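Engineer: Protein chains in written order, with this note's numbering: chain A, 871 to 1145; chain B, 685 to 926; chain C, 436 to 667. For every residue, glycine included, the Cβ atom is placed at its ideal position computed from N, Cα and C. These numbers come from a predicted model, not from an experiment.
Here it is as structure tokens:
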């Protein structure tokens, strides 16, 4: 059952200020409506993971870690590796995150990041097969949200792609009836570097990369994931409210432009390939 | 290797004989359950979905209620026998996400400030699934809300458009959903020209998304007319034989 | 005699979001909202123009308490200094001890429960109604109090005015035709003061007809015909 959330009360004053500033195309932290906060990426942040990245988007901090293993493939995709994305809204990240089973927000976040990676074909899952129908590589991408200041989606996509971009896969070989781990490693090939752009809507205006108070004050957000070839691989409206078709089309345009810039900044630390 | 899936026949018709912008046959009936305050049943292609509304009623426990408006509780659920492989009755991650997505798509239509401290329960049960269940479920849930007499700003209908074999099509069936290149469910309210549900996954260029969105608006407008007819039929009197 | 077709002619039904008037020339009444200069319906119903005001009479609605309304309630449970009462509305009502028509009452939770048990049917009046707190009802007044005999029936709240009729005309038609006294609550509940099952079934049929056909012309005649045809 999904229940209307008890939103933290944002003071009337703050709501008013946000809207007044927005009417003049200004934002509470001095940014302009289509400007992202500072992004910093630290690759290989946790050593015991085969790939990892800590991303800071303003104050929002997301740690993505990739664990590689082997598993039995799913019945309907016997020749494909397995990708599982799981987001954890760690209670220390925000007063509104509570310990317990995954909330609908964490599930929704996990699934959107998963679609962004999967549908963009950033990972060629068919290259991760060891023994067709019996043994394939499994990639677990765990998203650990450490500090929540708005826009978990974009930060999580950037963190995941960076983490996958430096993932070292332990090589497994077939030995008779079993599969054995060797001491060799090979680099996971990243076929694309998608970025997601999230816009928060306040009345009829929108801002990209909302900070926490903008997110709380907004009616809803709209996320769009763009691939390197400017095509879209995921779109999601998050939250209530309504958006006109015209606005959606407008954002499609903006996302292609902004996506190019964002990709350069977000993946500057990954070597090689197209930035 | 399995047999090749044929999504388009030689004469350009889809796997079920439809043209690109054709909706599946739709049957709607409003007011089908005796206990719920409002209810509706929809058949779209092989989809069979039931929606029921209870409320507004006092929101208990008190901590879930809001002092200045009513809250919504929404449950999207697929029956274990609704799919080819039996689906476990426990809510899957997909159902949890869709319950939220659907609640967010319905909430903007309800005049919530008229009923502080109450709750409206919305149940969407998929009895038989054939692609586009969240859309058909939303279309039925809106009618269940109207049937319950809950004041709404307007009606909304939903339809999944997508890309199959490079072509933009309307109302994806299960096969097209599984084997197509993109799937985009859209819920649209014509009164306020507002989209309340929008998702896309797959690969689409900007132009393709724009084209698909336009087709989705047209399709949902057609479905809106069916909703209006279904509501009028529900409340009019059968011609009596004297 | 009007033709069958004319008798079956129905007033057009509007649906939520449908245009019902121009707000530059009219004012929005019940179940109508304004969107710039358009007035739109919020529920399924019939348009009624009353001078400058446009209302939509909902074909199905739940009861919203108004001060002064006569209501038929069912006691839910004893609370502190009173009882919560189900008045067939999204909001649970409260009957305070001070509104109970008896002089000496001991103020303990047990005795409150014994004065009015859960399930007791009451005829009361709304004393206080604000959407921000529970509506308050009173049992002090003529004709108000506990109902110990009779049958409880219900009709959708928005049809109550039609059931009562202009100056009570429809209600007296039914009472005369079925030879029984009815107490009708604004909250869509009514008491049939009779022990005779046949009488109750007849009344049930009549209110069923009113509920389904209130927007079809010639209802009064059909109600009269139904009562006459079934007279014992």
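1) What's the gap between the Cα of residue 716 of chain B and the Cα of residue 813 of chain B?
2) Hey, does residue 1075 of chain A have any beta-carbon neighbour from chain B nearer than 8 angstroms?
3) Taking a contact to mean a Cβ-Cβ separation below 8 angstroms, would you say residue 736 of chain B touches residue 755 of chain B in this structure?
4) Grouping DSSP H, G and I as helix and E and B as strand, with all else coil, what is residue 437 of chain C?
5) Along chain C, which residues have their Cβ under 8 angstroms away from the Cβ of residue 853 of chain B?
6) Can you give the Cα-Cα distance for residue 748 of chain B and residue 876 of chain A, rounded to whole angstroms?
7) Tell me where the alpha helix (DSSP H) around residue 819 of chain B begins and ends.
8) Counting only Cβ-Cβ distances shorter than 7 angstroms, please list the residues of the stretch 777-805 of chain B near chain A, keeping chain order.
9) Which residue comes first and which comes last in the alpha helix (DSSP H) that contains residue 982 of chain A?
10) Mind checking whether residue 1018 of chain A and residue 964 of chain A have CB atoms under 8 angstroms apart?
11) For chain C, check one thing: does any of its Cβ atoms lie closer than 8 angstroms to the Cβ of residue 919 of chain B?
12) What residue does the beta strand (DSSP E) around residue 1049 of chain A start on, and which one ends it?
13) Report, in whole angstroms, the separation of the C-beta atoms of residue 645 of chain C and residue 636 of chain C, which I expect to be a contact under 8 angstroms.
14) Please name the residues in the stretch 479-503 of chain C whose beta-carbon is closer than 8 angstroms to at least one beta-carbon of chain B, in chain order.
15) In terms of residue numbering, what span does the alpha helix (DSSP H) encompassing residue 612 of chain C cover?
16) Mind listing the chain B neighbours of residue 477 of chain C? Cutoff is C-beta to C-beta under 8 angstroms, in chain order.
17) Okay, do the stretch 1107-1121 of chain A and the stretch 879-890 of chain A touch, 3+ Cβ pairs below 8 angstroms being the bar?
18) So, using beta-carbon positions, are residue 1072 of chain A and residue 1014 of chain A closer together than 8 angstroms?
19) So with Cβ pairs under 8 angstroms, would you call residue 758 of chain B a contact of chain A?
20) Return the chain-ordered list of same chain residues with a C-beta closer than 6 angstroms to the C-beta of residue 477 of chain C, the five sequence neighbours on each side being excluded.
21) At a Cβ cut of 7 angstroms, what residues of the stretch 975-989 of chain A count as close to chain B, listed as they run along the chain?
22) If you drop the 5 nearest sequence neighbours on each side, which residues of the same chain put their C-beta closer than 6 angstroms to that of residue 458 of chain C?
23) Give me whichever residues DSSP pairs with residue 506 of chain C in a beta bridge.
24) For a contact defined as C-beta to C-beta under 7 angstroms, what are the partners of residue 1126 of chain A on chain B?
25) With DSSP as the reference, identify every bridge partner of residue 755 of chain B, one or two as the case may be.
26) Report the CB separation of residue 844 of chain B from residue 823 of chain B in whole angstroms; it is logged as a contact under 8 angstroms.
27) Determine the closest residue to residue 1139 of chain A out of A:1075, A:922, A:905, A:895, with distance taken between C-alpha atoms.
28) Just verifying my parser: in three-state terms, what is the DSSP assignment at residue 904 of chain B?
29) For the candidate residues C:650, C:557, C:630, C:565, whose alpha-carbon lies nearest to that of residue 619 of chain C?
30) Roughly how many whole angstroms lie between the Cα atoms of residue 561 of chain C and residue 521 of chain C?
31) Got a sec, what are the start and stop residues for the alpha helix (DSSP H) residue 862 of chain B sits in?
32) From this set, B:776, B:892, B:733, B:835, which residue's C-alpha is nearest residue 496 of chain C's C-alpha?
33) Beta carbons nearer than 8 angstroms to chain C: which residues of the stretch 872-883 of chain B have them?
Structural biologist: Well, looking at it:
1) 20 angstroms
2) no
3) no
4) Since pLDDT at residue 437 of chain C reaches only 42, below the 50 mark, its modelled position is unreliable, and no value is offered.
5) Result: empty, since nearest Cβ-Cβ is about 28 angstroms, beyond 8 angstroms.
6) 7 angstroms
7) 817-831
8) 777, 780, 781, 783, 784, 787, 788, 791, 792
9) 974-989
10) yes
11) yes
12) 1048-1057
13) About 15 angstroms; that fails the 8 angstroms criterion.
14) 479, 493, 494, 495, 496, 497
15) 604-613
16) 795, 835, 836, 837
17) no
18) no
19) yes
20) 451, 466, 468
21) 977, 978, 981, 985, 989
22) 469, 472, 474
23) C:559
24) 890
25) B:803
26) That pair is no contact at about 11 angstroms.
27) A:922
28) helix
29) C:557
30) 13 angstroms
31) 858-863
32) B:835
33) 873, 874, 875, 876
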